[in-house]
């Protein structure tokens with residue numbers, strides 16, 4: 001299996017552009033970053049059954065969010081008054097989405113994230129709220145979390161987002177890379193507040209720590225990402241003087257807290273097998289499990305970062321199916337899934353330590369023995385839960 | 001270094017072994033998935049682009065100082081055209097070409113996933129935050145919008161008596177919302193426009209005395225950055241186009257107070273190698289009461305030019321409509337380099353009448369025949385020229401809501417009100433007028449690109465230097481919330497992620513039948 005060419009181009013382009021934006025002194029070339037970022041406007045005309053519009057959640061911090069909704073059955077253009085029309089069906093999941101970019105890059109209106117959010121709407125029959133949180137290094141920890149929290153409160157208090165069945169807003173938090181990290185932290189904040197978050201979806205979430213893990217050493221510089229750039233982003237985000245064991249970076253590390261007994265939402269965590277920070281992501285999932293929390297871990301052996309940005313690989317479809325299952329209240333299949341993943345994961349981990357990737361170029365990837373494992377997993381997912389997913 | 005000329009497409013250079021299209025084969029498709037990410041790459045060029053990216057990476061890894069050069073000194077253009085962006089970076093580098101290792105790519109096996117590239121060309125609309133007030137306030141706001149849209153619909157269908165009664169209802173509803181801000185304010189203007197259309201169609205267009213116009217324009221200029229952005233973006237591009245030339249001629253399609261030109265004159269005064277001889281031809285409406293306002297402005301600009309030692313000549317051309325201007329009036333001299341500057345003027349030529357047809361085509365024709373080095377076009381980024389009234393109304397409601405929202409940050413109350421009246425005139429023209437009287441026929445960038453391309457112009461890209469300058473000036477002088485965006489070689493200025501005006505630069509395509 002290989003990385004599709006257009007994916008390789010997309011991620012390489014980001015890698016090279018981002019290289020130019022990070023300055024050695026820790027500052028960031030924001031003007032060039034905004035110039036290079038491909039953005040799209042909101043569009044209240046439905047496109048492929050989804051329309052979008054922007055709202056200001058907090059004028060003081062210029063906190064914008066882009067709302068994505070399924071178009072009505074006739075596909076007509078909603079009038080201004082219809083944009084915030086109450087949601088229709090019995091239960092409508094509302095996914096609060098935090099885009100990735102290692103806390104420094106991208107925006108809610110970046111083309112790649114606009115596209116991803118639109119897919120989530122169609123896939124999950126959900127409303128998606130994509131939060132344009134403040135970014136590092138101009139706005140360090142905890143600004144992004146504060147913005148996420150503001151968005152959560154805003155979503156929770158919109159009457160038009162309440163599901164008719166129980167007049168409550170059915171909230172899920174989701175994010176990729178730094179967005180995944182933000183989702184975790186906002187969920188943490190929500191626990192103390194009484195706002196119920198029904199689930200967290202973390203795609204390649206950004207976590208780290210002071211020690212260098214095995215995956216970091218093995219994959220440093222191999223698949224688009226280097227340890228050096230990871231370190232730069234943590235230095236840009238964390239408070240000055242703090243190291244990577246700060247709980248924002250390392251939630252279950254030496255300065256972390258246990259979530260035992262905490263009413264933290266269930267989580268779906270997708271880990272790419274070629275992501276150098278996977279050991280931290282796996283440790284995160286472990287930390288949740290140790291606290292007795294429900295975790296659905298998706299380990300995608302041959303996925304690189306950004307696999308969910310283009311629908312040209314199996315991992316994309318697998319993850320979209322999983323997310324769809326996760327936000328429909330199909331508790332049964334989720335539990336079964338968790339049960340299924342673990343034995344496959346332990347079988348696969350034996351293969352990982354082989355030096356299979358030492359000489360791999362960015363494009364060529366070796367045949368993975370575990371490919372069969374992955375495919376089997378996919379089939380299991382399709383059968384359990386009673387619904388045909390693809 | 002002038003703006004990058006997009007007609008020189010580095011992407012079209014073939015590399016051995018690639019199957020790029022040649023004449024006789026069907027047109028290339030753009031990779032649909034990359035298009036969804038905002039990048040235009042031809043499917044047949046994917047491999048080449050990948051190779052170049054790999055080459056660029058090798059250089060960057062081997063020479064970190066090059067990276068900072070690329071970031072700080074190089075000017076970037078049109079990042080959507082990935083192939084030419086990468087090529088421009090490669091050409092910026094001081095390293096000798098590093099030949100790619102052929103074995104790296106030989107086993108490449110990719111899945112080319114093309115789907116019909118779906119480009120969003122629909123009118124852009126964005127949601128306005130309804131006034132944050134009490135629940136009652138919010139409900140009134142929603143009801144107001146509902147009735148407003150119903151009223152517009154009835155006007156659209158010609159049911160004028162229904163429209164009239166709805167207008168009465170609207171005026172009643174207005175009293176229960178805050179008319180000073182938010183939806184109340186915007187709705188107020190639109191209700192006013194609808195009632196002019198319904199009750200007084202003949203006198204619908206607001207009488208525009210040139211003096212009033214000038215005062216309102218001035219306050220609009222001060223209260224929000226749209227015109228300032230237009231001016232400094234245009235000046236930057238014109239300055240670059242004039243680089244190395246000694247005789248230059250700017251043709252301004254709407255002189256007004258000439259606010260754009262002092263900055264250009266000063267920049268030319270300071271340019272390395274000394275200033276050129278600058279001619280400025282300012283077009284404007286004839287002055288009603290005998291005094292020649294064009295000449296007055298010309299004199300003031302001449303005064304300024306003299307004070308900074310720039311040789312300057314001014315000529316005023318009085319014309320009430322742009323299509324009344326004939327090229328001979330501009331007296332373009334073959335030795336000089338011409339810049340045409342059109343700030344919110346071209347859309348006025350899009351109306352047509354049975355006898356004259358649409359003036360835009362002949363005007364674009366004579367502009368092209370002037371063989372200008374640069375044509376600077378700034379237009380409202382809106383789709384207010386749609387044939388159906390209801391579509392125009394809806395689009396205008398979104399557009400002007402956003403514009404009013406951006407004004408709210410401006411503190412000086414009197415100036416803000418005058419700026420709002422300036423905007424109100426545009427609204428009235430879009431909503432109340434038809435036929436030749438409707439001059440505010442705004443069209444979005446996507447349509448201007450087609451029109452100008454079809455008229456024999458090619459795009460000159462505005463680069464990261466212009467972008468940075470615009471962003472920095474905005475940060476200094478305007479409220480937070482304005483944003484500059486790059487859009488395939490053009491720059492837009494918007495409020496809260498909704499682009500409101502777009503600036504683009506053009507030059508005449510080489511004329512194969514040129515008469516020199």
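Chains as they are written, first to last, in the UniProt record's numbering: chain X, 1 to 390; chain A, 1 to 516.
Glycine residues also receive a C-beta, built at the ideal position from the N, C-alpha and C atoms.
Quantities reported herein were computed from a predicted structural model and do not represent experimental measurements.
**Asked** Quick one: what does DSSP say residue 87 of chain X is sitting in, helix, strand or coil?
**Response** The sequence position of residue 87 of chain X within the first chain is 87, counting from 1. Looking at residue 87 of chain X - three-state DSSP - the assignment turns out to be coil, as it is neither helix nor strand.
Inset, instruction - Could you spell out the range, first to last residue, of the alpha helix (DSSP H) harbouring residue 189 of chain A? - result: Mapped onto the second chain, residue 189 of chain A falls at position 189. Looking at the DSSP string, the run of the alpha helix (DSSP H) that includes residue 189 of chain A is 182–199.
Three-state class that DSSP yields for residue 373 of chain X in the structure shown: Sequence index remark: in the first chain, residue 373 of chain X carries index 373 (1-based). Legend: pLDDT at residue 373 of chain X = 33, less than 50; position of this residue unreliable, value from coordinates given subsequently. Helix, per DSSP.
Quick check: the Cα distance between residue 324 of chain X and residue 214 of chain A, rounded to an integer number of angstroms?
Position 324 of the first chain holds residue 324 of chain X. Position 214 of the second chain holds residue 214 of chain A. Linking residue 324 of chain X to residue 214 of chain A through their CA atoms gives a straight-line distance of about 58 Å.
Member of X:46, X:9, X:109, X:28 whose CA lies at the smallest distance from the CA of residue 40 of chain X:
Counting from 1 along the first chain, the entry for residue 40 of chain X is found at position 40. For the options X:46, X:9, X:109, X:28, the alpha carbon positioned closest to that of residue 40 of chain X is the one of X:109.
inquiry  = I want to see whether chain A comes within less than 8 Å of residue 115 of chain X, judged by CB atoms only; does it?
reply    = Translated into positions along the first chain, residue 115 of chain X becomes position 115. True, the Cβ-Cβ gap to chain A drops below 8 Å.
Looking at C-alpha atoms only, which residue of A:467, A:285, A:262 is the closest neighbour of residue 77 of chain A?
Residue 77 of chain A sits at position 77 when you count from the first residue of the second chain. Per the C-alpha coordinates, the member of A:467, A:285, A:262 positioned closest to residue 77 of chain A is A:467.
Taking 8 Å as the CB-CB cut-off, is residue 232 of chain A touching chain X? On the second chain, position 232 is the one that residue 232 of chain A refers to. For residue 232 of chain A, the answer is no, since every Cβ of chain X falls outside 8 Å of its Cβ.
Quick check on DSSP: helix, strand or coil for residue 268 of chain X? Position 268 of the first chain, counting from 1, holds the residue named residue 268 of chain X. Strand at residue 268 of chain X.
Less than 8 Å between CB atoms is the rule here; does residue 35 of chain X satisfy it with respect to chain A?
Reading the first chain from its first residue, position 35 is the one you call residue 35 of chain X. Chain A contact via Cβ: present.
Practice problem: Spell out the partners DSSP gives residue 505 of chain A in its beta bridges. | Solution: For the purposes of this step, residue 505 of chain A is identified with residue 505 of the second chain, where counting begins at 1. DSSP, once it has assigned bridges, lists A:376, A:460 as partnering residue 505 of chain A.
Practice prompt. Would you be able to state if there are at least three C-beta pairs under 8 Å between the region 351–371 of chain A and the region 256–273 of chain A?
Written response: no
Taking the straight line between their C-alpha atoms, what separation do you get for residue 353 of chain X and residue 222 of chain X? Mapped onto the first chain, residue 353 of chain X falls at position 353. Mapped onto the first chain, residue 222 of chain X falls at position 222. Caution applies to residue 353 of chain X, whose pLDDT of 36 falls short of 50 and renders its modelled position unreliable; the value that the coordinates give is listed next. Going from the Cα of residue 353 of chain X to the Cα of residue 222 of chain X covers about 15 Å.
Margin query: Using a Cβ distance threshold of 8 Å, determine whether the region 149–169 of chain A contacts the region 390–406 of chain A, with at least three qualifying pairs required.
Written below: yes
request  = Compute the distance between the beta-carbons of residue 129 of chain X and residue 155 of chain X, then report whether it is under 8 Å.
outcome  = Translated into positions along the first chain, residue 129 of chain X becomes position 129. Translated into positions along the first chain, residue 155 of chain X becomes position 155. Their beta carbons are under 8 Å apart, which means residue 129 of chain X touches residue 155 of chain X by this criterion.
(Q) Give me the residue from X:232, X:166, X:272 with the minimum Cα distance to residue 297 of chain X. (A) Looking up residue 297 of chain X in the first chain gives position 297. The shortest C-alpha separation from residue 297 of chain X is found at X:272.
Item to check | Proximity winner among A:347, A:453, A:151, relative to residue 509 of chain A (alpha-carbon distances) | outcome: Position 509 of the second chain, counting from 1, holds the residue named residue 509 of chain A. Nearest to residue 509 of chain A by alpha-carbon distance, out of A:347, A:453, A:151, is A:453.
Contact set between residue 149 of chain A and chain X, taken where Cβ atoms lie within less than 8 Å: Position 149 of the second chain, counting from 1, holds the residue named residue 149 of chain A. Ordered by position in chain X, the residues that pass the 8 Å Cβ test against residue 149 of chain A are 79, 80, 81.
Practice item. Run the CB neighbour count on residue 380 of chain A, radius 10 Å, all protein chains shown included, and call it buried at 16 or more, exposed below. Key: Indexing the second chain from 1 puts residue 380 of chain A at position 380. With 16 or more Cβ atoms within 10 Å of its Cβ, residue 380 of chain A is classed as buried.
* Asked: If you measure from the beta carbon of residue 30 of chain A to each beta carbon in chain X, is any gap under 8 Å?
  -> Indexing the second chain from 1 puts residue 30 of chain A at position 30. It does not; no Cβ of chain X falls within 8 Å.
Worksheet item: Among X:119, X:100, X:124, which one has its Cα closest to the Cα of residue 131 of chain X?
Response: The sequence position of residue 131 of chain X within the first chain is 131, counting from 1. Minimum Cα distance to residue 131 of chain X is reached at X:100.
**Prompt:** Less than 8 Å separating the beta-carbons of residue 237 of chain X and residue 304 of chain X?
**Reply:** Here the question's residue 237 of chain X lines up with position 237 in the first chain. Here the question's residue 304 of chain X lines up with position 304 in the first chain. No, the Cβ-Cβ distance between residue 237 of chain X and residue 304 of chain X is not below 8 Å.
Requested in this report: Compute the distance between the beta-carbons of residue 145 of chain X and residue 186 of chain X, then report whether it is under 8 Å.
Outcome: Your numbering for residue 145 of chain X matches position 145 in the first chain. Your numbering for residue 186 of chain X matches position 186 in the first chain. The answer is yes: Cβ separation under 8 Å.
Using only CA atoms, which one of A:45, A:378, A:353 lies nearest to residue 592 of chain A? Coverage of chain A is limited to positions 1 through 516, which leaves residue 592 of chain A absent and any answer about it impossible.
Is it true that the CB of residue 506 of chain A sits closer than 8 Å to the CB of residue 445 of chain A?
As a position in the second chain, residue 445 of chain A is number 445, starting the count at 1. As a position in the second chain, residue 506 of chain A is number 506, starting the count at 1. At the C-beta level, residue 445 of chain A and residue 506 of chain A stay beyond 8 Å of one another.
- request: Output yes if chain X places a C-beta closer than 8 Å to the C-beta of residue 467 of chain A; else output no.
  value: In the second chain, residue 467 of chain A corresponds to position 467, counting from 1. By this cut-off, residue 467 of chain A is an interface position.
#### Entry: Residues that DSSP places opposite residue 117 of chain X in a beta bridge
Residue mapping note: residue 117 of chain X aligns to position 117 of the first chain, counting from 1. BP columns for residue 117 of chain X are empty, so no partner.
Nearest to residue 153 of chain X by CA position, among X:117, X:170, X:137, is which residue? Here residue 153 of chain X corresponds to residue number 153 of the first chain, with the count starting at 1. Considering only alpha carbons, the answer is X:170.
With DSSP run on the structure shown, which of helix, strand or coil describes residue 22 of chain A? In the second chain, the residue the question calls residue 22 of chain A occupies position 22. The predicted model places residue 22 of chain A with a pLDDT of 42, which falls under 50 and marks its position as unreliable; any figure quoted below should be read in that light. Coil.
| query | Would you say residue 58 of chain X and residue 150 of chain X are within 8 Å of each other, going by their C-beta atoms? | reply | The residue you call residue 58 of chain X lines up with position 58 of the first chain. The residue you call residue 150 of chain X lines up with position 150 of the first chain. Their beta carbons are under 8 Å apart, which means residue 58 of chain X touches residue 150 of chain X by this criterion.
Environment of residue 252 of chain A [buried if 16+ CB atoms lie within 10 Å]
Sequence index remark: in the second chain, residue 252 of chain A carries index 252 (1-based). Burial call: buried.
Residue 47 of chain A versus chain X: which residues are under 9 Å apart at the beta carbon? In the second chain, counting from the first residue as 1, residue 47 of chain A sits at position 47. In chain order: 5.
**Prompt:** Between the UniProt region "SAW" (432–507) of chain A and chain X, which residues of the former have CB atoms less than 7 Å from a CB of the latter, in chain order?
**Reply:** 464, 467, 468, 471, 480, 481, 485, 486, 496, 497, 498, 499
Counterpart residues of residue 488 of chain A in DSSP-defined beta bridges: Start at 1 with the first residue of the second chain, and residue 488 of chain A comes out as number 488. Partner(s): none; residue 488 of chain A has no beta bridge.
At the level of alpha carbons, what is the spacing between residue 332 of chain A and residue 243 of chain A? Start at 1 with the first residue of the second chain, and residue 332 of chain A comes out as number 332. Start at 1 with the first residue of the second chain, and residue 243 of chain A comes out as number 243. Straight-line Cα distance between these residues: approximately 19 Å.
Per DSSP, residue 247 of chain A is paired with what?
Sequence index remark: in the second chain, residue 247 of chain A carries index 247 (1-based). Answer by DSSP bridge pairing, in chain order: A:277.
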